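Residue 1137 in my numbering is what sits at position 269 of the sequence shown, and the numbering runs on without skipping anything. Remarks on the structure that follows.
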Amino acid sequence: MRHFPAANLKRLCTYRIGGTAEVFEPETIDEFVETVSCLRREGRPFWVLGGGANTLFADAHLPFPLLSTRGLQRWDVCGTEVVAEAGVWLDRLVAATVRRGLGGLEKLSGIPGSVGGAVAMNAGAYGAEVSDCLKSVTVLTPDGAVRTMPRAACGFAYRAASGLAGAIVLEVRWRLVPDDPATLQGQRRQILTRRKRSQPLEFPSAGSVFKRPPGDFASRLVDAAGLKGARVGGAQVSPKHAGFIVNVGGARCADVLALIETCRTTVAERFGVHLELEQRLCVEAFVSPR
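What follows is the structure, encoded as structure tokens:
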């Protein structure tokens, strides 16, 4: 177990924004489960942190600890099945399956974040979702039990997994399909090129800020509202892709929150559409630790 009394949160999230927090980083699933048990016995609320690719942290020191899955890095391939612990970086796993000629995850190429976080929100892109080839998810339930749930019990929907609500993802298993490695590598390269061309990867961000509203795209609405390029402090609605807020230098949590509020308010006033956040706000006013 690694323990950091005052970790720099800028280093733990892709926004490169945040203050400090006490961080626990277990290195095995058993250790992770025991740490959760200890924190709960002590009556200490906590926040589970994966790769930090979908999270905005407060600028101050957080009044509760973070429990990181980054130490859970084991993964394996057995035939066409792939199993990975929650802390494995999703894109590295995708790259490994592509090299082995296993198809099913290649459209997820380039999605930042950990396996656990991706499954908890059913991350996806280009018509594919992380749940498509998923077989089962092993979780720690709110009552402290370790349980393996089949895909059908997870309640997967667009950027949601209702059956996993309140649970902590520990391990994920997929059943993939044999395919030609060269073909899969080509598809992966195409997707990575498309991402680089259309997304502001040159700046720190946490990916898409808002979920896609029914029948439309959040980025189109933000752009149509005249907010592409809008800036508060060091945070900016990307001129390249209006679905992203980027840290162009020294951005603070308050800067991003101000832009989020401006986008939601303006889009609601102009188009009558309520934009739902896709990102997690680890900010006292918005967060309820476990």
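Backbone N, C-alpha and C define an ideal beta-carbon position, used for all residues, glycine too. Quick caveat, the model's predicted, so the values are computed rather than measured.
- Straight through space, the alpha carbons of VAL1135 and ILE1128 are spaced by roughly 11 Å.
- The alpha-carbon of ARG960 is positioned some 15 Å away from that of TRP1042.
- The beta-carbon separation of SER977 and ALA954, rounded to 20 Å, does not stay under the 8 Å limit for a contact.
- The DSSP-derived three-state label of CYS1022 is coil.
- ALA988 carries a helical assignment under DSSP once its states are collapsed to helix, strand and coil.
- Proximity to ARG967 across VAL1014, ARG1148, THR1051 peaks at THR1051, based on C-alpha coordinates.
- Scanning the stretch 954-1002 from its first residue to its last, no whole beta strand (DSSP E) run of 3-plus residues comes out.
- By alpha-carbon distance to GLY1117, the top candidate from PHE892, PRO1072, TRP915 is PRO1072.
- Short of 8 Å from the beta carbon of LEU1032, and not among the five residues preceding or following it, lie these beta carbons of its own chain, in chain order: VAL987, ALA988, VAL1005, VAL1007, MET1017, CYS1022, GLY1023.
- Taking LYS1003 as reference, the option from GLY995, ASP1011, ARG1019 with the minimal CA-CA separation is ARG1019.
- In the pairwise beta carbon analysis, the stretch 1132-1151 is classified as touching the stretch 921-930: at least three pairs are separated by under 8 Å.
- Take GLY886, set aside five residues on each side of it, and the residues of its chain with a beta-carbon closer than 6 Å to its own are LEU877, LYS878, PHE925, in chain order.
- In this structure, the alpha-carbon of GLY1054 lies about 15 Å from that of TYR994.
- In the DSSP assignment, PHE892 forms a beta bridge with HIS871, LEU935.
- Listed in chain order, the non-local C-beta contacts of GLN1067 below 6 Å within the same chain comprise HIS1109, local neighbours out to five positions each way being set aside.
- Judged by DSSP secondary structure, PHE900 falls within the alpha helix (DSSP H) whose first and last residues are 897-909.
- DSSP places PHE1112 outside any alpha helix (DSSP H); the residue lies instead in the beta strand (DSSP E), whose first and last residues are 1112-1115.
- Residues of the same chain with a CB within less than 7 Å of the CB of ARG938, apart from the 5 flanking positions on each side, are GLU893, GLY955 in chain order.
- Under the three-state reduction of DSSP, SER1076 is assigned to strand.
- Cβ-Cβ separation between LEU1143 and PRO1081: approximately 7 Å, consistent with a contact (criterion under 8 Å).
- Classified as buried, ASP1123 has 16 or more neighbouring CB atoms from the shown chains inside 10 Å of its CB.
- Annotated three-state conformation of PRO1049 is helix, per DSSP.
- Between the alpha carbons of THR882 and ARG1015 lies a distance of about 30 Å.
- Bounds of the alpha helix (DSSP H) holding GLU1137 are 1121-1139.
- Within a 10 Å sphere around the beta-carbon of ALA1013 sit fewer than 16 other beta-carbons, which makes this residue exposed.
- In the three-state reduction of the DSSP assignment, LEU877 falls in the helix class, which pools H, G and I.
- For ALA1103, the enclosing beta strand (DSSP E) has its first and last residue at 1103-1105.
- A straight line joining the alpha-carbon of ASP1084 with that of ALA1074 spans about 21 Å.
- Among the bridge pairs identified by DSSP, PHE914 is matched with none.
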